[in-house]
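Trainee: Quick note: the sequence shown uses my numbering, first residue 5, plus one each step. For each residue, glycine too, the CB sits at the ideal point set by N, CA and C. The structure presented is a predicted model; accordingly, all values stated were derived computationally and were not measured.
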Amino acid sequence: MRHMCTAAARALARPLAALGSIAAVRAVAALAALGALAPSPAFAFPDKPIRLVVAFAPASSTDIVARLIAEQMSASLGQSVVVENKPGAGGNIATQQVMNSPADGHTLLIHSVAVSVNPSLFANAGYDTMRDLAPVAMAAVTPNLIYVHPDMKATNLAELLALGKAGKLSYASSGNGTTTHLGAEWLFRAISKLDITHVPFQPAAATNAVVSGQVPIASTSMPPAVPFAKSGKVRPIAVMSLKRSPALPDVPTVAELGYKDFEANTWFAIFAPARTPAAVLDQLNAEVNKALGARAVQDKFEQLSLEAQRLDRAATRSYIEAEVAKWGKLVRDIGVKVE
């Protein structure tokens, strides 16, 4: 296009000479400038495979979500989306690696809600979520769930809190500093003023601890607990989302039981390094949302008690900003720290 415009300018230069030397020079210069202003071919993205770095180990919920999305995106983009696990330090290792990668959209991070908690939780997480990362898209959310061993004499939240006030209880969570831990501390200790002991486990181990009777109460995300809840091996008490979960529709929310605006979810989102071009982020957001709409992804999410979150970039950023503020305040109020 540039060569065509320049050639046209030269072709018109001869008749323009009749205008006089100064006028002709000005006219030719203006026409030649059209070549500089002509649009260049659009930048092709992606022009090589995309790395999707997972903040946790293979077979974790974050990893499963990553692989489902990567498979759909690879087919749609015509470029491989390669999943790479970088577990460690609650996801901080993966986060630091991605934030220091080229901001061209070819290196992405998939993380859990922990990415909004860790900068307040760790003495030095090594990053600031909203400064060092560009939110691309939400992927999925699942409520955290409070449940008990079926032999426990509590069939609802009021009865459970009454037992906690009458005697010393303990509860299992999915680990120190997780939202399953912080949400339970918020409800049991900060709001209800219970003297209750926290016993941290890995997610599946926390559920097994209640099933076996090792610990009477647990607070975990939905995926490890729902099969046991449906089989009667644990008794669900309340979900920590603002609305009831389709996986356990008869289980009330903490909010509807009188604790207004109480919300403690586990969610998964995709990020790029800060300063990634907006056009690239928009394209990635569209691709992730397209992947989330695929029947294969929806069916698997339903099996795992996950709900797809197809938000645009602005809504994604607003949600994560609010989560960073909420969990940062709660971490400070409760006084939880991880070295």
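Looking at the unbroken beta strand (DSSP E) that takes in ALA59, where does it start and where does it end?
Mentor: From DSSP, ALA59 is part of no beta strand (DSSP E); its letter is neither H nor E.
Trainee: Leaving out the 5 sequence neighbours to the left and right, which residues in its chain are closer than 6 Å to ILE338 when beta-carbon positions are compared?
Mentor: Here the set comprises GLU189.
Trainee: Identify whether PHE279 lies in helix, strand or coil by the three-state DSSP scheme.
Mentor: The sequence given here places Arg at residue 279; Phe does not occur at that position. It is coil, neither helix nor strand.
Trainee: Going by C-alpha distance, which of VAL119, PRO240, HIS110 is nearest PHE49?
Mentor: Cα-wise, what sits closest to PHE49 is HIS110.
Trainee: Under the rule that 16 or more other beta-carbon atoms within 10 Å means buried, what is ASN269, buried or exposed?
Mentor: Label assigned to ASN269: buried.
Trainee: Which residues in the same chain as ARG317 place their Cβ atom closer than 8 Å to its Cβ, once the five residues preceding and following it in sequence are excluded?
Mentor: Hits under 8 Å: PRO139, VAL140, ALA141, LEU285, ASP286, ASN289.
Trainee: In the DSSP output, what is TRP271 paired with across the bridge?
Mentor: For TRP271, which the question treats as bridged, DSSP gives the partners VAL145.
Trainee: Report the partner residues of THR224 according to the DSSP bridge assignment.
Mentor: BP columns for THR224 point to LEU149.
Trainee: Roughly how many angstroms separate the alpha carbons of PRO154 and ALA74, rounded to a whole number?
Mentor: Each residue's alpha carbon lies about 39 Å from the other.
Trainee: To the nearest angstrom, how far is the alpha carbon of LEU296 from that of LEU167?
Mentor: Distance between the alpha carbons of LEU296 and LEU167: 42 Å.
Trainee: With DSSP as the reference, label HIS202 as helix, strand or coil.
Mentor: Of the three classes helix, strand and coil, the one that applies to HIS202 here is strand, per DSSP.
Trainee: Tell me, which residues are paired with ALA242 by DSSP?
Mentor: ILE150, per the DSSP bridge assignment.
Trainee: According to DSSP, is THR182 part of a helix, a strand, or is it coil?
Mentor: Three-state result, THR182: coil.
Trainee: With the cut-off set at 9 Å, would you say LEU186 and LEU72 are in Cβ contact?
Mentor: It is not a contact, given that the beta carbons lie outside the stated cut-off.
Trainee: Compare the Cα-Cα distances from ASP51 to each of SER84, ALA276, VAL57, THR224 and report the closest residue.
Mentor: Considering only alpha carbons, the answer is SER84.
Trainee: Tell me whether ALA318 sits in a helix, a strand or coil according to DSSP, three-state version.
Mentor: Looking at ALA318 - three-state DSSP - the assignment turns out to be helix.
Trainee: Where do the ends of the beta strand (DSSP E) carrying VAL86 lie?
Mentor: 85–89 is the extent of the beta strand (DSSP E) around VAL86.
Trainee: Work out the CA separation of VAL152 and GLN206 for me, nearest whole Å.
Mentor: Those two C-alpha atoms are separated by around 17 Å.
Trainee: Quick one: Cα of ILE200 to Cα of SER80, how far?
Mentor: Their backbone Cα atoms lie some 50 Å apart in a straight line.
Trainee: By DSSP, does MET312 sit in helix, in strand, or in coil?
Mentor: According to the sequence shown, residue 312 is Ala rather than Met. Three-state DSSP puts ALA312 in a strand.
Trainee: How should THR211 be labelled, buried or exposed, when 16 other C-beta atoms within 10 angstroms of its C-beta is the threshold for buried?
Mentor: Label assigned to THR211: buried.
Trainee: Quick check on the burial criterion: 16 or more other C-beta atoms within 10 angstroms. Buried or exposed for LYS157?
Mentor: Looking at its Cβ environment, which holds fewer than 16 other Cβ atoms inside 10 Å, LYS157 is exposed.
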